[in-house]
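Just so we're aligned: the sequence shown equals residues 4 to 347 in the numbering used here.
We put the CB at the ideal spot given by N, CA and C, even for glycine.
The model shown is predicted, which means the values in this text are computed figures rather than measured ones.
Take a look at the structure below.
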Amino acid sequence: MSEAPQVDILEASKEKFINLMSELDDGQFHSFEQFVQTALQEYHGQIHNHHGEETEDMDTEEHDGSYQPVSDAKMMRLGRMIKDLRNRVPISAEAPGEKTTIPNTPDFKGFTEQNTVHVDGFLYSEEDVDDLCDEGKMSRNYCLDCKSKKCAPLNFISHSASVLQLQFLYQVALADKVKDKVIVDVGSRLGAVLYAGHLFTRARKLIGVEINEWFTKLQKDMIKQYKMDDRVEVMCKDIQTMPELLSKDADVVIMNNVFQFFNDLPMQQQIWKFVRAETKKKSGLLLVTLPALQDQLKEAGLSANKLMKGWVKEANLNYDGGWFQELNDDELEEIKQVHLYRVL
Numbered sequence: 004m005s006e007a008p009q010v011d012i013l014e015a016s017k018e019k020f021i022n023l024m025s026e027l028d029d030g031q032f033h034s035f036e037q038f039v040q041t042a043l044q045e046y047h048g049q050i051h052n053h054h055g056e057e058t059e060d061m062d063t064e065e066h067d068g069s070y071q072p073v074s075d076a077k078m079m080r081l082g083r084m085i086k087d088l089r090n091r092v093p094i095s096a097e098a099p100g101e102k103t104t105i106p107n108t109p110d111f112k113g114f115t116e117q118n119t120v121h122v123d124g125f126l127y128s129e130e131d132v133d134d135l136c137d138e139g140k141m142s143r144n145y146c147l148d149c150k151s152k153k154c155a156p157l158n159f160i161s162h163s164a165s166v167l168q169l170q171f172l173y174q175v176a177l178a179d180k181v182k183d184k185v186i187v188d189v190g191s192r193l194g195a196v197l198y199a200g201h202l203f204t205r206a207r208k209l210i211g212v213e214i215n216e217w218f219t220k221l222q223k224d225m226i227k228q229y230k231m232d233d234r235v236e237v238m239c240k241d242i243q244t245m246p247e248l249l250s251k252d253a254d255v256v257i258m259n260n261v262f263q264f265f266n267d268l269p270m271q272q273q274i275w276k277f278v279r280a281e282t283k284k285k286s287g288l289l290l291v292t293l294p295a296l297q298d299q300l301k302e303a304g305l306s307a308n309k310l311m312k313g314w315v316k317e318a319n320l321n322y323d324g325g326w327f328q329e330l331n332d333d334e335l336e337e338i339k340q341v342h343l344y345r346v347l
């Protein structure tokens, strides 16, 4: 008797599958067939653990050129998460009442509240922004003088890594280096790094540290809905209250543009010195920053050479070759924002 419900589910699944295929035309059927084959192979491999032990070289001053492929099924699942998040957050992907500050640095010279728009890079690609503009939901320009034709381009700022950057991060920069490891994302915000890490890697644990309660709840809801709680966890805390997470637990620490828009210079300097002091206690720990660590330290008013000496050594990532040959110049600049370092 106990097997009857399972048989019913199986037969119902078969019927749904046949009905779904009957709705496709010849061109769609071919694409769907390839997708199903890829998805089944991926699922079969996970069930039977058909993965050889991966060799790791934690001395990453010269990147080994490893590449970790990602199936179409996983990319489609990530796409569903993005679509879901678009319905949960505004286009700017800012939390209710959240306050940001435009850094007073050369990179942001001329940026003001009037000419700057926050658009989340994880949720919206350049093509998506074009579509939003075509639909009248946003504009790439603003009027310098009301009622005149004198316009200027808007500045766009994102607080999340883009899908392309996440692909490069996990498929290239960290390929073969995170199996059974603990990844910590400082300032996890929407959870982009965590979701992609769950899909793209075999990391043992992915931990997000987010100080904003609204973003923390959003991530927890997504993690539960998409059944990622087997390996993903989010904590609503200030990273400065969790020294052991950096000094003992983490094998990889990821920080995407995490401090400069949300803290004044003295606080940025304090946090960076804390991060340095704690990560320095664990030789071999991998540190990923977007953009370059030296640029972020400089913008915080710190001496990059002084702080990085005896702390980290940067890996020479290969941004050329493979599937990156098909990227345009703007996309190449995008992935070049990803930098990898090893704690000495």
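* **Three-state secondary structure assigned by DSSP to Asn319** => strand
* **Length of the line joining the Cα atoms of Tyr322 and Lys223** => 33 Å
* Asked: Ordered along the chain, which non-local residues of its own chain (more than five positions away) have a Cβ less than 6 Å from that of Asn215?
  -> Ala98
* Asked: Can you tell me the Cα-Cα spacing of Ile257 and Glu14, whole angstroms?
  -> 45 Å
* Start-to-end residues for the alpha helix (DSSP H) that takes in Ile226 -> Glu216 to Gln228
* Is the closest heavy atom of the ligand SAH to the C-beta of Met225 under 7 Å? -> Only the bare structure without any ligand can be found here, which leaves the ligand SAH out of the picture.
* Cβ neighbour criterion (16 or more within 10 Å) applied to Arg192 -> buried
* Residue closest to Leu209, alpha-carbon to alpha-carbon, out of Trp217, Asp233, Leu320 and Ser16 -> Asp233
* To do: Check each candidate in Val196, Leu221 and Leu347 and name the one with the smallest Cα separation from Val166.
  => Val196
* Where Leu126 and Gly194 are concerned, what is the direct C-alpha to C-alpha distance, given to the nearest angstrom? -> 11 Å
* Asked: For Phe171, is the classification buried or exposed, using 16 other Cβ atoms within 10 angstroms of its Cβ as the cut-off for buried?
  -> buried
* To do: Kindly indicate the opening and closing residues of the alpha helix (DSSP H) around Ile274.
  => Leu268 to Thr282
* Taking the C-alpha atoms as reference points, what is the distance between Ser250 and Leu300? -> 20 Å
* Between Ser163 and Leu289, what straight-line distance do the alpha-carbon atoms span, to the nearest angstrom? -> 20 Å
* Limits of the unbroken alpha helix (DSSP H) element including Asp188 -> First-last for Asp188: Val185 to Val189, but that is the beta strand (DSSP E), not the alpha helix (DSSP H).
* Asked: With distances taken between CB atoms, is the gap from Ile242 to Val235 smaller than 8 Å?
  -> no
* Asked: Do Arg205 and Asp188 come within 8 Å of each other at the CB atom, strictly closer than that value?
  -> no
* **Bridge-paired residues (DSSP) for His342** => Thr292
* Buried or exposed: which applies to Gln31, given that a residue is buried once 16 or more other Cβ atoms fall within 10 Å of its Cβ? -> exposed
* Roughly how many whole angstroms lie between the Cα atoms of Pro246 and Glu281? -> 6 Å
* To do: Please work out which residues of its chain come closer than 8 Å, Cβ to Cβ, to Glu334, disregarding the five sequence neighbours upstream and downstream, and give them in chain order.
  => Leu167
* Asked: Given Asp254, which residues of its chain have a CB within under 6 Å of its CB, disregarding the five upstream and five downstream residues?
  -> Lys184 and Val185
* Asked: Considering only residues of the same chain and omitting the five flanking positions on each side of Glu317, which have a CB-CB separation below 6 Å?
  -> Tyr344
* Going by beta carbon distance, what residues of the same chain come within less than 8 Å of Asp252, once the five residues before and after it are set aside? -> Val185, Val187 and Ile210
* For the beta strand (DSSP E) containing Gly82, list its first residue and its last residue. => Where Gly82 is concerned, there is no enclosing beta strand (DSSP E), although the alpha helix (DSSP H) it sits in stretches over Asp75 to Arg91.
* To do: Within 10 angstroms of the Cβ of Asp134, are there 16 or more other Cβ atoms? Answer buried if so, exposed if not.
  => exposed
* To do: My understanding is that Val346 touches Lys283, with C-beta atoms under 8 Å, so please give their C-beta distance in whole angstroms.
  => 6 Å
* Lys312 to Arg279 span [Cα, whole Å] -> 11 Å
* What are the start and end residues of the alpha helix (DSSP H) that includes Leu197? -> Ala195 to Phe203
* Quick one: residues in its chain with C-beta nearer than 6 Å to the C-beta of Thr219, no 5 flanking neighbours on either side, listed in chain order? => Glu213, Val237 and Cys239
* To do: Quickly, what does DSSP pair Asn259 with across the bridge? List them, please.
  => Leu293
* Please report how far the alpha carbon of Pro269 lies from the alpha carbon of Ala295, in whole angstroms. => 20 Å
* To do: Give the range of the alpha helix (DSSP H) segment to which Lys240 is assigned.
  => Element bounds for Lys240: n/a, residue is neither H nor E.
* Find out if the Cβ-Cβ distance for the pair Gln228, Tyr70 is shorter than 8 Å. => no
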